[in-house]
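The sequence shown finishes on residue 565 if you use this note's numbering, and the numbering steps up by one all the way, no holes.
Scroll down for the structure; my scribbles are underneath it.
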Amino acid sequence: MAMAAAIVATMPALKHLIRITFTPPFPRKLQKFHSLASLSPNFAQEDPQQQRLEQEQHNQLTNNNKTSRSSSSASYFPKRGQTLELVCESLAFKGKGVCKVAETGFVVMCDRALPGERFIGRVTRRKGSYAEVTKVETITPHWDLVDAPCEYAPYCGGCKTQNLSYESQLRAKEQQVRELTIHVGKFLDKVPEFCSIMKPIVPCVIQFHYRNKMEFSFGSKKWLPKELLGEKQVGNEKYALGLHAPGFFDKVLNVDKCLLQSEPANMVLAAIQDCWRDSQFGLTPYDVHSHTGFLKHLMLRTGRNAETGLPELMVNFVTSLYKPELLKPLVEKISAIPEVVSIMNNVNTSVGNTSVGEEEYTLYGKSTITEILRGLTFQISANSFFQTNTHQAEVLYKLIEDCAGLRGDGSQIVLDLFCGTGTIGLTLARRAKHVYGYEVVPQAISDAHRNAKLNRISNATFVQGDLNKIDESFGNNFPKPDIVISDPNRPGMHMKLLKFLIKLKAPRIVYVSCNPTTCARDLDYLCHGVKEKNIEGCYKLKSLQPVDMFPHTPHIECICLLELL
1 MAMAAAIVAT MPALKHLIRI TFTPPFPRKL QKFHSLASLS PNFAQEDPQQ QRLEQEQHNQ
61 LTNNNKTSRS SSSASYFPKR GQTLELVCES LAFKGKGVCK VAETGFVVMC DRALPGERFI
121 GRVTRRKGSY AEVTKVETIT PHWDLVDAPC EYAPYCGGCK TQNLSYESQL RAKEQQVREL
181 TIHVGKFLDK VPEFCSIMKP IVPCVIQFHY RNKMEFSFGS KKWLPKELLG EKQVGNEKYA
241 LGLHAPGFFD KVLNVDKCLL QSEPANMVLA AIQDCWRDSQ FGLTPYDVHS HTGFLKHLML
301 RTGRNAETGL PELMVNFVTS LYKPELLKPL VEKISAIPEV VSIMNNVNTS VGNTSVGEEE
361 YTLYGKSTIT EILRGLTFQI SANSFFQTNT HQAEVLYKLI EDCAGLRGDG SQIVLDLFCG
421 TGTIGLTLAR RAKHVYGYEV VPQAISDAHR NAKLNRISNA TFVQGDLNKI DESFGNNFPK
481 PDIVISDPNR PGMHMKLLKF LIKLKAPRIV YVSCNPTTCA RDLDYLCHGV KEKNIEGCYK
541 LKSLQPVDMF PHTPHIECIC LLELL
């Protein structure tokens with residue numbers, strides 16, 4: 001399809017209207033996909049290293065437009081408050097829509113804009129080589145439009161692409177990984193082997209009710225959409241239990257049902273919503289401004305009974321004080337739900353927003369639930385880390401096993417970096433001589449030891465330590481590995497660890513990434529080296545497999561296989 005002509009402004013009443021060129025995105029035709037940064041699973045503040053990397057990508061995105069800057073007018077840089085008519089070209093950083101100013105190619109980002117959508121946006125701020133806009137009005141809806149089944153989809157920040165067909169979501173994610181690999185990873189897409197390296201994204205068969213963990217917040221200020229702001233709310237009507245409204249730390253969008261969590265979890269949520277505001281119980285939500293109130297968070301975790309395979313549910317109340325008598329009415333009500341086998345109380349007296357308590361109490365049933373993954377049984381406590389999508393984790397771990405390529409004769413050593421609770425390492429231990437796992441979180445290491453014992457695995461050693469602070473002695477406590485598994489968090493691997501791996505020269509590395517941006521950067525270092533630091537790369541990228549772990553969100557998982565040159 002040929003490029004569409006520039007769209008002429010059709011709303012003269014809007015001041016400062018600018019024309020935007022629209023290049024049709026896939027599926028009509030695969031266009032160059034501009035990806036700006038990491039796809040982060042949380043609302044956590046970005047670390048400085050991540051911010052620097054994102055800015056580098058923003059700069060790179062606009063480098064190809066610099067030639068037009070010299071001939072452009074001052075309008076090349078839209079001003080704050082300026083109104084633009086835009087068409088979204090593609091999806092990028094955290095699922096934001098990417099647009100460009102027609103005459104100049106200046107990049108404009110908009111939250112909740114989807115490919116093909118034509119809309120009015122107002123510039124809210126400039127960030128280096130791009131600007132951010134807020135959508136004011138949709139003129140023409142996006143392509144591949146579907147009805148979002150969730151009533152909260154227009155407001156909640158969790159499922160930004162629910163009204164985009166799942167096939168289009170997959171294409172966007174796959175193309176983003178491809179572009180990052182080319183432009184950040186510096187891999188040549190013109191060479192014949194690139195097509196064999198880049199694998200098609202693995203879809204998630206289950207697109208709803210796939211999360212085994214959801215965390216909701218109690219709030220003293222209920223967030224309302226603009227059309228309901230005029231309604232007066234008094235007393236307990238202002239209270240909310242749900243998810244924080246995007247951009248607000250003190251306002252909570254009340255949620256009665258979440259389509260991402262299991263049906264038993266929704267039954268518990270509905271039961272609590274039905275009674276927690278009742279004044280006779282004396283329950284109050286925590287107020288983040290006055291630091292008063294009792295209820296902070298509600299965490300729901302779904303597992304499976306190891307013997308029956310039936311679902312079992314853990315309910316965790318996070319409170320500011322230990323007052324079990326206040327929770328007794330809620331405990332009595334939700335313990336009647338057959339799937340509920342554990343009710344916990346984490347007490348967090350700090351003013352922070354964390355759901356991890358300084359003290360933990362069992363109010364009903366047992367203190368852990370179980371889950372089955374790759375034939376192994378894992379015990380999950382209230383604060384344990386575990387793959388959030390159990391069904392897709394089966395797919396992910398099978399792909400990791402295939403990439404690891406263990407011979408199965410019990411002769412190979414596996415080094416499991418960022419091992420967490422040991423799930424990947426333990427699934428590989430059955431075919432390895434020994435697995436050595438390293439993780440910074442002490443509780444995760446404790447869980448790894450417990451899981452190894454539970455599954456009668458004796459050839460796995462787990463060590464607590466910060467892989468961002470390794471020194472020359474790292475590596476002295478384990479033999480040279482045949483295979484390295486690295487599953488870092490969003491910032492990727494520290495340069496110290498990358499140097500160690502290049503010096504170690506293990507025959508094979510399986511890099512598991514939840515951030516395709518930092519993944520591409522680290523692949524560049526391992527394969528191409530770092531010239532300014534006199535580091536030579538020594539690996540060849542053999543395959544890169546994107547996996548969709550979280551439908552309707554911008555998050556992407558990647559499995560990369562590297563082999564020593």
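Ideal placement from N, C-alpha and C gives every residue a C-beta, glycine not left out.
Exercise. Ends of the alpha helix (DSSP H) at C519?
Worked result: Position 519 of the sequence shown, counted from the start, is the residue given in the question as residue 519. Element bounds for C519: 516–528.
Problem set entry | C560 to L523 span [Cα, whole Å] | The residue labelled residue 560 in the question sits at position 560 within the sequence shown. The residue labelled residue 523 in the question sits at position 523 within the sequence shown. Cα atoms of C560 and L523: separation of roughly 9 Å, rounded to the nearest angstrom.
Exercise. Among E263, K94, C110, W276, which residue has its Cα nearest to the Cα of E85?
Worked result: By one-based count along the sequence shown, residue 85 stands at place 85. It is C110.
Exercise. Is DSSP giving L562 helix, strand or coil here?
Worked result: Start at 1 with the first residue of the sequence shown, and residue 562 comes out as number 562. Three-state result, L562: strand.
For this session: Counting only the same chain and skipping the five closest in sequence on each side, list residues whose C-beta sits under 7 Å from that of L363.
Result: As a first step, residue 363 is located in the sequence shown; it is residue number 363 there, counting from the start. So the qualifying residues of the chain are P324, L327, V331, I343, M344, N345.
Exercise. Taking just the CA atoms, how far does F77 sit from S129?
Worked result: Locating residue 129 in the sequence shown gives position 129, counting from the first residue. Locating residue 77 in the sequence shown gives position 77, counting from the first residue. Those two C-alpha atoms are separated by around 9 Å.
Problem set entry | Cβ distance (whole Å) where S165 is taken to contact D144 below 8 Å | Taking the sequence shown and counting its residues from 1, one reaches residue 165 at position 165. Taking the sequence shown and counting its residues from 1, one reaches residue 144 at position 144. About 4 Å separates the beta carbon of S165 from that of D144, a gap short enough to meet the 8 Å contact definition.
Exercise. Assuming P491 and T518 make a contact with CB atoms under 8 Å, what is their CB distance in whole Å?
Worked result: Sequence index remark: in the sequence shown, residue 491 carries index 491 (1-based). Sequence index remark: in the sequence shown, residue 518 carries index 518 (1-based). Contact flag correct, Cβ pair sits at about 6 Å.
For this session: Enumerate in chain order the residues of its own chain whose CB-to-CB distance from C419 is below 7 Å, with the five nearest sequence positions on each side excluded.
Result: Here the question's residue 419 lines up with position 419 in the sequence shown. Excluding sequence neighbours, C419 sits near G425, G437, Y438, E439, A448, F462.
For this session: State buried or exposed for A336, treating a residue as buried only when at least 16 other CB atoms are found within 10 Å of its CB.
Result: The residue given as residue 336 occupies position 336 in the sequence shown. Label assigned to A336: exposed.
Problem set entry | 8 Å Cβ shell around E174 - same chain, five flanking residues per side excluded | Within the sequence shown, the letter at position 174 stands for residue 174. Cβ neighbours of E174 beyond the five flanking positions: P200, I201, P546.
For this session: Measure from the alpha carbon of L313 to the alpha carbon of each residue in H289, L501, M214, D147, then state which is nearest.
Result: The residue given as residue 313 occupies position 313 in the sequence shown. Nearest C-alpha to L313: M214.
For this session: Decide if the stretch 252–259 is in contact with the stretch 146–154; the criterion is three or more beta carbon pairs, one per stretch, under 8 Å apart.
Result: Using a C-beta cut-off of 8 Å, the stretch 252–259 makes contact with the stretch 146–154, since at least three inter-stretch Cβ pairs fall below that distance.
For this session: Spatial neighbours of K222 within its chain, please: CB distance less than 6 Å, with the 5 preceding and 5 following residues excluded, ordered by chain position.
Result: On the sequence shown, position 222 is the one that residue 222 refers to. For K222, same chain residues with a beta-carbon under 6 Å away, outside a window of 5 residues either side, are K238, A240, N254 in chain order.
For this session: May I have a chain-ordered list of the alpha helix (DSSP H) segments no shorter than 4 residues that lie completely inside the stretch 222–302?
Result: DSSP runs (the alpha helix (DSSP H)) wholly in the stretch 222–302: 263–275.
Exercise. Counting only runs that start and end within the stretch 377–456, where is the alpha helix (DSSP H) found for 4 or more residues in a row?
Worked result: Runs of the alpha helix (DSSP H) inside the stretch 377–456: 390–404, 423–429, 442–454.
Exercise. Buried or exposed: where does D487 fall if 16 or more other Cβ atoms within 10 Å of its Cβ makes it buried?
Worked result: If you number the sequence shown from 1, residue 487 lands on position 487. The residue in question, D487, is buried, as its Cβ has 16 or more Cβ neighbours within 10 Å.
Exercise. Would you call Q233 buried or exposed, if buried means 16 or more other Cβ atoms sit within 10 Å of its Cβ?
Worked result: Position 233 of the sequence shown, counting from 1, holds the residue named residue 233. With fewer than 16 other Cβ atoms from the protein chains shown falling within 10 Å of its own Cβ, Q233 counts as exposed.
Problem set entry | Segments assigned beta strand (DSSP E), at least 3 residues, entirely inside the stretch 344–374 | If we require 3 residues or more, the beta strand (DSSP E) runs fully inside the stretch 344–374 come out as 359–365, 369–373.
For this session: Please name the residue in P141, L417, N534, N515 whose C-alpha comes closest to that of L467.
Result: Numbered from 1 along the sequence shown, position 467 holds the residue referred to as residue 467. With distances taken between Cα atoms, L467 lies closest to L417.
For this session: Select from S381, V395, V356 the residue whose C-alpha is nearest the C-alpha of L373.
Result: Mapped onto the sequence shown, residue 373 falls at position 373. Between L373 and the set S381, V395, V356, the nearest pair of CA atoms involves V395.
Exercise. Would K96 be called buried (16 or more neighbouring beta carbons within 10 Å of its own) or exposed?
Worked result: As a first step, residue 96 is located in the sequence shown; it is residue number 96 there, counting from the start. In the assembly as shown, K96 is a buried residue. Its beta-carbon has 16 or more other beta-carbons within 10 Å.
Problem set entry | C-alpha gap between C572 and L504, whole angstroms | No answer is possible for residue 572: the residues shown for the chain start at 1 and end at 565.
Exercise. Do the CB positions of A131 and V108 come within less than 8 Å of each other?
Worked result: The sequence position of residue 131 within the sequence shown is 131, counting from 1. The sequence position of residue 108 within the sequence shown is 108, counting from 1. Yes, the Cβ-Cβ distance between A131 and V108 is below 8 Å.
Exercise. Cα separation between V177 and A520?
Worked result: Looking up residue 177 in the sequence shown gives position 177. Looking up residue 520 in the sequence shown gives position 520. So the alpha carbons of these two residues sit roughly 8 Å apart.
For this session: Could you tell me the boundaries of the alpha helix (DSSP H) in which L326 lies?
Result: Residue 326 sits at position 326 when you count from the first residue of the sequence shown. Counting along the chain, L326 sits inside the alpha helix (DSSP H) bounded by residues 324–334.
Exercise. Would you call the CB atoms of V216 and G247 closer than 8 Å?
Worked result: Here the question's residue 216 lines up with position 216 in the sequence shown. Here the question's residue 247 lines up with position 247 in the sequence shown. Here residue 216 turns out to be Phe, not Val, going by the sequence shown. Contact flag unset, no.
Exercise. Using CA coordinates, which residue listed in K540, A245, V268 is at the minimum distance from K226?
Worked result: Position 226 of the sequence shown, counted from the start, is the residue given in the question as residue 226. Looking at the Cα atoms, A245 is the closest of the given residues.
Exercise. Alpha carbon to alpha carbon, how far is L170 from L454?
Worked result: Position 170 of the sequence shown, counted from the first residue, corresponds to residue 170. Position 454 of the sequence shown, counted from the first residue, corresponds to residue 454. Those two C-alpha atoms are separated by around 37 Å.
Exercise. Whole beta strand (DSSP E) runs in the stretch 469–557 with 3 or more residues, listed along the chain?
Worked result: Whole beta strand (DSSP E) segments, 3+ residues: 483–486, 508–513, 539–547.
Exercise. What is the C-beta distance between I485 and V510, in whole angstroms, given that I count them as a contact (C-beta under 8 Å)?
Worked result: Here the question's residue 485 lines up with position 485 in the sequence shown. Here the question's residue 510 lines up with position 510 in the sequence shown. With 8 Å as the limit, I485 and V510 qualify as a contact, their Cβ atoms being about 5 Å apart.
For this session: Taking the CB atoms as reference points, tell me whether T553 and G158 lie closer together than 8 Å.
Result: For this step, residue 553 is matched to residue 553 along the sequence shown. For this step, residue 158 is matched to residue 158 along the sequence shown. Against a cut-off of 8 Å, the Cβ pair of G158 and T553 comes out as a contact.
Problem set entry | Enclosing beta strand (DSSP E) for Y130 [first to last residue] | Taking the first residue of the sequence shown as 1, we reach residue 130 at position 130. For Y130, the enclosing beta strand (DSSP E) starts and ends at 130–140.
For this session: Confirm, please, whether the CB-CB distance from I197 to K542 is below 8 Å.
Result: The sequence position of residue 542 within the sequence shown is 542, counting from 1. The sequence position of residue 197 within the sequence shown is 197, counting from 1. In contact: K542 and I197 (Cβ atoms closer than 8 Å).
For this session: Pull up the DSSP beta-bridge partners for E85, would you.
Result: On the sequence shown, residue 85 is found 85 positions in, with the first residue counted as 1. The partner list for E85 (beta bridge, DSSP) reads I120.
For this session: Evaluate contact between the stretch 305–322 and the stretch 348–355, counting only Cβ atoms and requiring at least three cross-stretch pairs below 8 Å.
Result: Yes, the stretch 305–322 touches the stretch 348–355.
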